[in-house]
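Participant: Shown below is the structure under consideration.
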Amino acid sequence: MKNTNPIRTQQTQQDMASFPTKISDIFGQDVFNTDAMEAYLDEDSYLAMIKVKNTSKRLDNRLLESIADGIKKWAMDKGATHFTHWFQPLTGGTAEKHDAFYKPSTDDQKKGIEGLTASELLQREPDASSFPSGGLRNTAEARGYTIWDPSSPVFILKTKNGKTLYIPSIFVSYAGESLGNKAPLLKSLRALEKAAIPVCRYFDPAVTSTIATLGWEQEYFLIDEALFRKRPDLALTGRTLIGAASAKGQECDDHYFGVIPERVEDFMKAYEMESLKLGIPVLTRHNEVAPSQYECAPVYEEMNVSTDHNLLAMRVLQNTAKKFGLRAILHEKPYKGLNGSGKHNNWSMATNTGTNLLAGGSNPESNLYFLTFFINVIKAVSTYADVLRASIATAGNDHRLGANEAPPAIISVFTGSEMAAILERFKTNGLCKKPQVKEMVLELDVPKIPLATLDKTDRNRTSPFPFIGNRFEFRAVGSSASCSLPMTTLNTMVAEQLSQFYVSVEDLKEKGTLQEDAIVEVLQQYVNESEGIIFNGNGYDKQWQAMAQERGLANIKSTPYALEGFNSENAKSLFANQDVLSKRETQARYEVMQQDYINKIQTEADSLIDLIQTYVLPSVASHLKDALNIRDGFTDMGLFNAAQTVKNELEVLADFQDNVRLYLCELKGNVLKAQAIKDTTRKSKFYADQIQVLFDPIRENVDEIEKSVSDQSWRLPKYRDMLFI
Ligand code: ADP
Ligand code: MG
Numbered sequence: 001m002k003n004t005n006p007i008r009t010q011q012t013q014q015d016m017a018s019f020p021t022k023i024s025d026i027f028g029q030d031v032f033n034t035d036a037m038e039a040y041l042d043e044d045s046y047l048a049m050i051k052v053k054n055t056s057k058r059l060d061n062r063l064l065e066s067i068a069d070g071i072k073k074w075a076m077d078k079g080a081t082h083f084t085h086w087f088q089p090l091t092g093g094t095a096e097k098h099d100a101f102y103k104p105s106t107d108d109q110k111k112g113i114e115g116l117t118a119s120e121l122l123q124r125e126p127d128a129s130s131f132p133s134g135g136l137r138n139t140a141e142a143r144g145y146t147i148w149d150p151s152s153p154v155f156i157l158k159t160k161n162g163k164t165l166y167i168p169s170i171f172v173s174y175a176g177e178s179l180g181n182k183a184p185l186l187k188s189l190r191a192l193e194k195a196a197i198p199v200c201r202y203f204d205p206a207v208t209s210t211i212a213t214l215g216w217e218q219e220y221f222l223i224d225e226a227l228f229r230k231r232p233d234l235a236l237t238g239r240t241l242i243g244a245a246s247a248k249g250q251e252c253d254d255h256y257f258g259v260i261p262e263r264v265e266d267f268m269k270a271y272e273m274e275s276l277k278l279g280i281p282v283l284t285r286h287n288e289v290a291p292s293q294y295e296c297a298p299v300y301e302e303m304n305v306s307t308d309h310n311l312l313a314m315r316v317l318q319n320t321a322k323k324f325g326l327r328a329i330l331h332e333k334p335y336k337g338l339n340g341s342g343k344h345n346n347w348s349m350a351t352n353t354g355t356n357l358l359a360g361g362s363n364p365e366s367n368l369y370f371l372t373f374f375i376n377v378i379k380a381v382s383t384y385a386d387v388l389r390a391s392i393a394t395a396g397n398d399h400r401l402g403a404n405e406a407p408p409a410i411i412s413v414f415t416g417s418e419m420a421a422i423l424e425r426f427k428t429n430g431l432c433k434k435p436q437v438k439e440m441v442l443e444l445d446v447p448k449i450p451l452a453t454l455d456k457t458d459r460n461r462t463s464p465f466p467f468i469g470n471r472f473e474f475r476a477v478g479s480s481a482s483c484s485l486p487m488t489t490l491n492t493m494v495a496e497q498l499s500q501f502y503v504s505v506e507d508l509k510e511k512g513t514l515q516e517d518a519i520v521e522v523l524q525q526y527v528n529e530s531e532g533i534i535f536n537g538n539g540y541d542k543q544w545q546a547m548a549q550e551r552g553l554a555n556i557k558s559t560p561y562a563l564e565g566f567n568s569e570n571a572k573s574l575f576a577n578q579d580v581l582s583k584r585e586t587q588a589r590y591e592v593m594q595q596d597y598i599n600k601i602q603t604e605a606d607s608l609i610d611l612i613q614t615y616v617l618p619s620v621a622s623h624l625k626d627a628l629n630i631r632d633g634f635t636d637m638g639l640f641n642a643a644q645t646v647k648n649e650l651e652v653l654a655d656f657q658d659n660v661r662l663y664l665c666e667l668k669g670n671v672l673k674a675q676a677i678k679d680t681t682r683k684s685k686f687y688a689d690q691i692q693v694l695f696d697p698i699r700e701n702v703d704e705i706e707k708s709v710s711d712q713s714w715r716l717p718k719y720r721d722m723l724f725i
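Residue numbers for the sequence shown follow the UniProt record's numbering, so the first one is 1 and each next one is one higher.
So, in structure tokens, the structure goes:
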């Protein structure tokens with residue numbers, strides 16, 4: 001099967017032609033940013049909007065009318081005709097419902113006018129009943145509200161035939177419970193700030209606010225649209241359920257950071273341009289490890305905005321790909337045997353005084369301010385590893401975390417050897433007052449090349465949670481996931497940890513210990529308690545699994561079990577203590593994620609059954625017909641050995657086919673059994689243990705069939721067709 005030629009529409013030609021020489025000319029042009037606010041808002045409204053962006057203060061409702069009017073004027077000047085609240089239901093994606101600005105007149109002689117009222121900007125009431133709520137709506141009320149989040153800028157999206165104003169919003173029930181992901185994220189940011197400020201003030205009394213920063217890296221695959229359409233499994237489940245390995249895969253390591261194919265680079269430029277106009281600072285693009293796998297990354301931003309930007313970027317990525325005759329695949333594991341896709345969440349905290357709380361500077365060893373935050377984060381991960389693991393548990397991500405691929409399902413922290421040595425010394429000696437200032441240059445014996453500097457830490461691609469010198473990188477997040485839940489979880493864990501740290505230090509101070517000594521003492525205790533979570537070796541290594549088990553670290557490979565991390569009293573109290581999620585709301589997330597797992601595996605089972613019945617078995621039949629003709633020909637010619645060889649080959653094929661039929665029977669039977677189970681948790685565990693486990697053995701046999709039948713009889717695009725654009 002051949003790759004089809006790219007379908008390049010006029011639109012894409014235009015998109016490509018106009019990539020600007022100066023990005024600053026287009027950056028944020030479709031966003032109601034500070035410049036737009038200055039032009040369209042009165043002074044009070046402008047100042048209020050700036051303040052809401054930079055602090056946790058509520059926006060004054062009295063200003064809503066004038067702000068709504070300013071936003072409407074701006075949006076209409078930009079050509080928008082409709083507006084929509086843009087919210088994040090528990091599906092993990094986004095949702096919207098468009099309304100026109102146009103208001104008909106009550107006087108039928110008049111034409112009516114365009115407007116956006118204060119209440120339209122503030123609040124909408126979509127029908128909440130069709131979104132997953134995990135039981136939050138089982139009570140009498142089914143109403144749901146979306147309410148504007150003024151701290152994430154409104155923006156305009158265009159399609160071929162018009163433009164719509166998007167208003168980032170939270171999604172809550174009539175009782176005020178969170179039906180979406182944004183409100184808990186905002187609450188976790190508040191919790192983190194509340195816990196961090198008093199700790200910061202031990203070191204810098206000028207700190208009055210802190211923010212969490214997030215820089216995501218989005219991995220994805222590209223495939224030719226025509227081939228995508230011929231693979232029902234990719235189209236319906238996001239991954240190939242069958243498919244034998246291609247002779248060439250990623251063994252040669254020739255794709256990573258390799259030359260970006262021109263067609264792909266054109267696509268990337270168009271995608272980036274759309275993103276840049278939306279104020280998403282995407283500046284990095286490169287090939288990833290697997291063939292046809294790529295990555296894009298923006299510069300980090302305040303976390304709430306950055307999370308919205310990732311959701312938006314995923315959409316732009318997918319829409320732009322279509323314009324280039326491509327499909328962007330965001331699934332964690334589209335192809336067996338090749339690297340999966342992640343979404344690395346680079347996470348740190350910064351103060352209003354300009355300090356990155358996780359940057360150790362040139363002397364991390366004597367920087368107690370830094371060590372305080374560094375060690376508290378490690379301690380938080382150590383205490384709540386199971387909750388963090390649950391936050392990234394999905395059917396798709398199981399293929400990365402559960403397989404022999406980075407990062408493993410074991411939550412651990414990589415500090416790097418330098419920081420590990422520092423922690424070791426700190427544990428016994430306390431703060432180092434006179435650090436040995438080591439010149440960090442890279443000693444190279446290469447002529448002409450200027451001196452390069454050396455980072456304080458090396459990198460680790462196999463750890464789920466490495467320290468990268470000035471931030472932690474949560475690498476275990478799945479590529480299709482929203483950053484929301486993992487980041488909410490991380491913020492909340494660290495908030496809880498910092499609050500406890502503060503209490504412990506204050507306790508010691510009250511008993512007469514000097515502040516610095518108290519801080520060191522508590523931190524030393526934390527280092528002792530969290531040593532087990534630190535692992536600086538190779539996460540792929542089989543030995544690590546045994547070692548982790550000895551250390552008592554969990555290694556939960558399957559989503560329904562990993563989700564128990566949200567079902568524990570420990571997790572529920574954590575979120576409730578920090579006013580992020582009530583126990584009921586945490587329970588609801590657990591339920592929704594279990595149900596999501598069931599739905600995903602059910603879809604995969606149905607697709608697999610369908611593929612086998614309508615593609616694989618007919619392929620065998622068609623191959624068999626041809627082969628029998630050949631065998632008969634040989635027999636007619638008296639070539640009995642050759643005829644026998646064909647027969648032998650067909651017997652092997654028949655065995656594979658028999659295996660597939662047997663497994664298929666078992667699969668269908670188990671699906672029926674699963675459907676009779678009422679309890680969500682029991683059901684999802686059944687899906688993992690009795691249904692999902694059959695996928696691999698079925699696939700092994702199908703892949704052998706694919707390798708045995710002729711190309712002519714095999715109607716599905718193969719890995720070699722799909723992977724090399
Ligand atoms: P990698 O080498 O890990 O692939 P990239 O350059 O692709 O690195 O991405 C690193 C990401 O980390 C970028 O989004 C970058 O902005 C982000 N980052 C850097 N510093 C911080 C920080 N202090 N807080 C959060 N993210 C950060
Ligand atoms: Mg990275």
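Glycine residues also receive a C-beta, built at the ideal position from the N, C-alpha and C atoms.
Based on the DSSP output, what are the partners of R224 in its beta bridges?
Facilitator: Translated into the one-based positions of the sequence shown, residue 224 becomes position 224. The displayed chain sequence assigns Asp, not Arg, to residue 224. Answer is L326.
Participant: Run through DSSP, which three-state label would R720 get?
Facilitator: For this step, residue 720 is matched to residue 720 along the sequence shown. In this structure, R720 counts as helix in the three-state DSSP scheme.
Participant: Measuring from the CB of L185, is there a heavy atom of the ligand ADP at a distance below 7 Å?
Facilitator: In the sequence shown, residue 185 corresponds to position 185, counting from 1. Checking every heavy atom of the ligand ADP against the Cβ of L185, none is found closer than 7 Å.
Participant: Could you name the residues of the same chain whose beta carbon sits closer than 6 Å to that of K557, not counting the 5 residues immediately before and after it, in chain order?
Facilitator: Residue numbering aside, residue 557 sits at position 557 when the sequence shown is read from its first letter. The answer, listed in chain order, is G402 and A409.
Participant: Are there 16 or more other CB atoms within 10 angstroms of the CB of D60, so buried, or fewer, so exposed?
Facilitator: For the purposes of this step, residue 60 is taken as residue 60 along the sequence shown, with counting starting at 1. If you draw a 10 Å sphere on the C-beta of D60, you find fewer than 16 other C-beta atoms in it, and that means exposed.
Participant: Could you give the uninterrupted runs of the alpha helix (DSSP H) lying entirely in the region 18 to 69, keeping only those of 4 residues or more?
Facilitator: 34 to 40 and 43 to 54
Participant: Please classify E125 as buried or exposed, where buried requires at least 16 other C-beta atoms within 10 Å of its C-beta.
Facilitator: Working through the sequence shown from its first residue, we reach residue 125 at position 125. Result: exposed.
Participant: Along the chain, where does the alpha helix (DSSP H) that runs through K194 open and close?
Facilitator: As a position in the sequence shown, residue 194 is number 194, starting the count at 1. First-last of the alpha helix (DSSP H) with K194: K182 to R201.
Participant: When every heavy atom of the ligand ADP is checked, does at least one fall within less than 7 Å of the C-beta of H98?
Facilitator: Residue 98 sits at position 98 when you count from the first residue of the sequence shown. Checking the 7 Å criterion, the Cβ of H98 is out of range of every heavy atom belonging to the ligand ADP.
Participant: Under 8 Å, do M487 and M303 count as touching if we go by C-beta distance?
Facilitator: As a first step, residue 487 must be located in the sequence shown, where it is residue number 487. As a first step, residue 303 must be located in the sequence shown, where it is residue number 303. Result yes, Cβ atoms of M487 and M303 sit closer than 8 Å.
Participant: What residues in its chain sit with their C-beta under 7 Å from that of C665, if we drop five residues either side in the sequence?
Facilitator: To locate residue 665, count along the sequence shown from 1; it is residue 665. Around C665, the same chain offers no residue with a beta carbon nearer than 7 Å, after the five sequence neighbours per side are excluded.
Participant: Looking at the ligand ADP, does it come within less than 7 Å of Y300, judged from the CB to the closest heavy atom?
Facilitator: Start at 1 with the first residue of the sequence shown, and residue 300 comes out as number 300. Yes, the beta carbon of Y300 sits closer than 7 Å to at least one heavy atom of the ligand ADP.
Participant: Please identify the residue among S246, I242 and M493 whose C-alpha is closest to the C-alpha of P697.
Facilitator: Within the sequence shown, residue 697 is the residue found at index 697, counting from 1. The shortest Cα separation from P697 among S246, I242 and M493 belongs to I242.
Participant: Quick one: is L444 buried, meaning 16 or more other Cβ sit within 10 Å of its Cβ, or exposed?
Facilitator: In the sequence shown, residue 444 corresponds to position 444, counting from 1. Exposed, because fewer than 16 other Cβ atoms sit within 10 Å of the Cβ of L444.
Participant: Pair every Cβ in the region 166 to 182 with every Cβ in the region 577 to 587, then say whether three or more of these pairs are closer than 8 Å.
Facilitator: yes
Participant: Helix or strand or just coil, what does DSSP make of L214?
Facilitator: Looking up residue 214 in the sequence shown gives position 214. Here DSSP, grouped into helix, strand and coil, assigns L214 to strand.
Participant: By a C-beta neighbour count over all protein chains shown, 10 Å radius and 16 as the cutoff for buried, is Q675 buried or exposed?
Facilitator: The residue given as residue 675 occupies position 675 in the sequence shown. The residue in question, Q675, is exposed, as its Cβ has fewer than 16 Cβ neighbours within 10 Å.
Participant: In terms of residue numbering, what span does the beta strand (DSSP E) encompassing K97 cover?
Facilitator: In the sequence shown, residue 97 corresponds to position 97, counting from 1. It spans A95 to A100 - the beta strand (DSSP E) in which K97 sits, taken as one unbroken run.
Participant: For the region 420 to 427 and the region 520 to 528, state whether three or more C-beta atom pairs, one from each stretch, are separated by less than 8 Å.
Facilitator: The region 420 to 427, when compared against the region 520 to 528, does touch it at the 8 Å Cβ threshold.
Participant: Would you say the beta carbon of L214 is closer than 7 Å to some non-hydrogen atom of the ligand ADP?
Facilitator: Locating residue 214 in the sequence shown gives position 214, where the first residue counts as 1. For the ligand ADP, at least one heavy atom lies less than 7 Å from the Cβ of L214.
Participant: Starting from Y561, trace the beta strand (DSSP E) in both directions and tell me its first and last residue.
Facilitator: For the purposes of this step, residue 561 is taken as residue 561 along the sequence shown, with counting starting at 1. Going by DSSP, Y561 is part of no beta strand (DSSP E) but of the alpha helix (DSSP H) stretching over T559 to A562.
Participant: Check for me: the beta strand (DSSP E) holding P298 runs from which residue to which?
Facilitator: What you label residue 298 is simply residue 298 of the sequence shown in a count that begins at 1. Looking at the DSSP string, the run of the beta strand (DSSP E) that includes P298 is Q293 to P298.
Participant: How is the alpha helix (DSSP H) around S530 delimited, first residue to last?
Facilitator: Here residue 530 refers to the residue found at position 530 when the sequence shown is read from its first residue. Per DSSP, S530 belongs to the alpha helix (DSSP H) from Q515 to S530.
Participant: On a CA-only basis, which of T394, T383 and L371 is nearest I422? Give me that one, please.
Facilitator: Along the sequence shown, read from residue 1 onward, the residue named residue 422 stands at position 422. Ranking the options by Cα distance to I422, first place goes to L371.
Participant: Of the choices Q595, D658, K322 and E114, whose alpha-carbon is the least far from that of Q613?
Facilitator: Counting from one through the sequence shown, the residue named residue 613 turns up at place 613. The shortest C-alpha separation from Q613 is found at D658.
Participant: Would R389 and I411 be called neighbours here (beta carbons separated by less than 8 Å)?
Facilitator: Within the sequence shown, numbered from 1, the residue matching residue 389 stands at position 389. Within the sequence shown, numbered from 1, the residue matching residue 411 stands at position 411. Yes, the Cβ-Cβ distance between R389 and I411 is below 8 Å.
Participant: Indicate the three-state DSSP secondary structure (helix, strand or coil) for residue 777 in the structure shown.
Facilitator: Nothing about residue 777 can be reported from this structure: the residues present for the chain run from 1 to 725 only.
Participant: Go to L371, then tell me how far its alpha helix (DSSP H) extends in each direction, as first and last residue.
Facilitator: Taking the first residue of the sequence shown as 1, we reach residue 371 at position 371. It spans L368 to T383 - the alpha helix (DSSP H) in which L371 sits, taken as one unbroken run.
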